[in-house]
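Q: Got a structure for you, questions after.
Residue numbers (the working numbering): 1 to 424.
In structure tokens form, the structure reads like this:
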């Protein structure tokens, strides 16, 4: 669990998460590929490719050909506050605030009255090119102050947040114009005028913690979905070779619909499948038909104070193992459920089930969106958690290891389908 918390602490933005996975892949002997250049793949080779600095695909080529692909897909982004380009808001009085907007379906209240900072990337003009640099301002830089109860007596009565007013962070008092950009430039090691573009987001300063009477819980920023990404990634690394080609996919922008070049509704994953098949002389349609996708995005645990929000017979608990998601918003069908359940049994990992209460729509995820570009057997899963889309979420301390074990079994397996018969 300490390794997960260290990873989360080192991944304050989607760009940092991808960079941290990239470093682990390099240390494990994976070769970086570039989308804009031709690929030369060899049996036994280990490779990865990134897109936009916020999405990553890693794969291994089996030594003796392959039947199809075993893929997991998670997402790198989380609901938060995005910094607008012209960021500084002067006033009222001598206050200087930051102009931000909501990114994804965030819970607003947890962002109040806690130290915040800024992380992401900047695009810097250098002598010969435009260079990407990651930034994390390593100080308690910002705060979003609540209004005192004396002035807002309705604060505890179902208050509706005005995003353009209530959720604006305070930066300082009496600052010179351009102070925020200067802070970012110092962090990036450049002059303010050399910054040509930014992708910056607010993030909490509090590190993740393990807690509870028996240390059974973990709370941290971005458990949705970096906990699943971490578990799938380490299952991918630990797996033994099989007759299928393993792919770890980390995609961006799930929280805002995935409709970007680096999202599940882009072509990143489908492009990789096509290029691998072309490079290895494999028929794409045949390989896809013998492929399986695990869409891994965290699930809702039964809430201790509001159990009524859950379906009567689908009530996942933390530390109960991976959760298979069912319903019209998910890609899971009976066949995909059966395959994933069999693999979890093989790994000795318990399985749970989630379905939205019939009068609550719930959220969606990567499975169906990915399937619109790459049609294959797909199961939607997650790990049970509380406070989804808060800036500080809670999950089970044992579930990450359960997912690693399940995904190690998944990536070590070969999948074949023929007329409704599934072989693992």
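C-beta atoms are modelled at their ideal positions from N, C-alpha and C, and glycine is treated no differently.
Is the stretch 129–138 close to the stretch 402–418, with three or more CB pairs under 8 Å?
A: The stretch 129–138 makes no contact with the stretch 402–418: fewer than 3 CB pairs, one atom from each, lie closer than 8 Å.
Q: I'd like the list of long-range same chain contacts for residue 94, defined as Cβ closer than 8 Å, with 5 residues on each side in sequence excluded.
A: Mapped onto the chain shown, residue 94 falls at position 94. Taken in chain order, the residues that qualify are 173 and 174.
Q: Looking only at C-alpha atoms, which of 204, 283 and 399 sits nearest to residue 139?
A: Within the chain shown, numbered from 1, the residue matching residue 139 stands at position 139. Per the Cα distances, 204.
Q: Does at least one heavy atom of the ligand MN sit under 7 Å from the Cβ of residue 369?
A: Although the ligand MN was asked about, the structure shown includes no ligands whatsoever.
Q: Is it buried or exposed, residue 65, if we count other Cβ atoms within 10 angstroms and call 16 or more buried?
A: Taking the chain shown and counting its residues from 1, one reaches residue 65 at position 65. That one is exposed.
Q: Any idea what DSSP makes of residue 291, helix, strand or coil?
A: Along the chain shown, read from residue 1 onward, the residue named residue 291 stands at position 291. Here residue 291 sits in coil by DSSP.
Q: The beta strand (DSSP E) that contains residue 353, what's its start and end?
A: Counted from its first residue, the chain shown places residue 353 at position 353. Unbroken beta strand (DSSP E) run through residue 353: 352–355.
Q: Check each candidate in 327, 380 and 344 and name the one with the smallest Cα separation from residue 360.
A: Position 360 of the chain shown, counted from the first residue, corresponds to residue 360. Closest by alpha carbon: 327.
Q: Work out the CA separation of residue 262 and residue 22 for me, nearest whole Å.
A: Reading the chain shown from its first residue, position 22 is the one you call residue 22. Reading the chain shown from its first residue, position 262 is the one you call residue 262. Each residue's alpha carbon lies about 16 Å from the other.
Q: So residue 187 is in the alpha helix (DSSP H); what residue range does that whole segment cover?
A: Mapped onto the chain shown, residue 187 falls at position 187. Unbroken alpha helix (DSSP H) run through residue 187: 179–188.
Q: Do residue 58 and residue 236 count as a contact pair if the criterion is CB distance below 8 Å?
A: The residue labelled residue 236 in the question sits at position 236 within the chain shown. The residue labelled residue 58 in the question sits at position 58 within the chain shown. Yes, these two residues count as a Cβ contact at 8 Å.
Q: Please list the terminal residues of the continuous alpha helix (DSSP H) segment that includes residue 128.
A: Along the chain shown, read from residue 1 onward, the residue named residue 128 stands at position 128. Counting along the chain, residue 128 falls outside any alpha helix (DSSP H), and DSSP gives it neither H nor E.
Q: Provide the residue span of the alpha helix (DSSP H) that contains residue 250, from first to last.
A: As a working mapping, residue 250 is identified with position 250 in the chain shown. Segment 245–251 is the beta strand (DSSP E) holding residue 250; no alpha helix (DSSP H) there.
Q: Please work out which residues of its chain come closer than 8 Å, Cβ to Cβ, to residue 307, disregarding the five sequence neighbours upstream and downstream, and give them in chain order.
A: Reading the chain shown from its first residue, position 307 is the one you call residue 307. Hits under 8 Å: 315.
Q: Comparing the C-beta of residue 81 with each C-beta of chain C, is any distance below 8 Å?
A: Absence of chain C from the displayed structure is noted, only one protein chain being present.
Q: Between the alpha carbons of residue 279 and residue 41, how many angstroms are there, rounded?
A: Position 279 of the chain shown, counted from the first residue, corresponds to residue 279. Position 41 of the chain shown, counted from the first residue, corresponds to residue 41. About 6 Å.
Q: Quick check for students: name the residue ranges of the alpha helix (DSSP H) that lie wholly in the stretch 188–245, counting only runs of 4 or more.
A: 223–238
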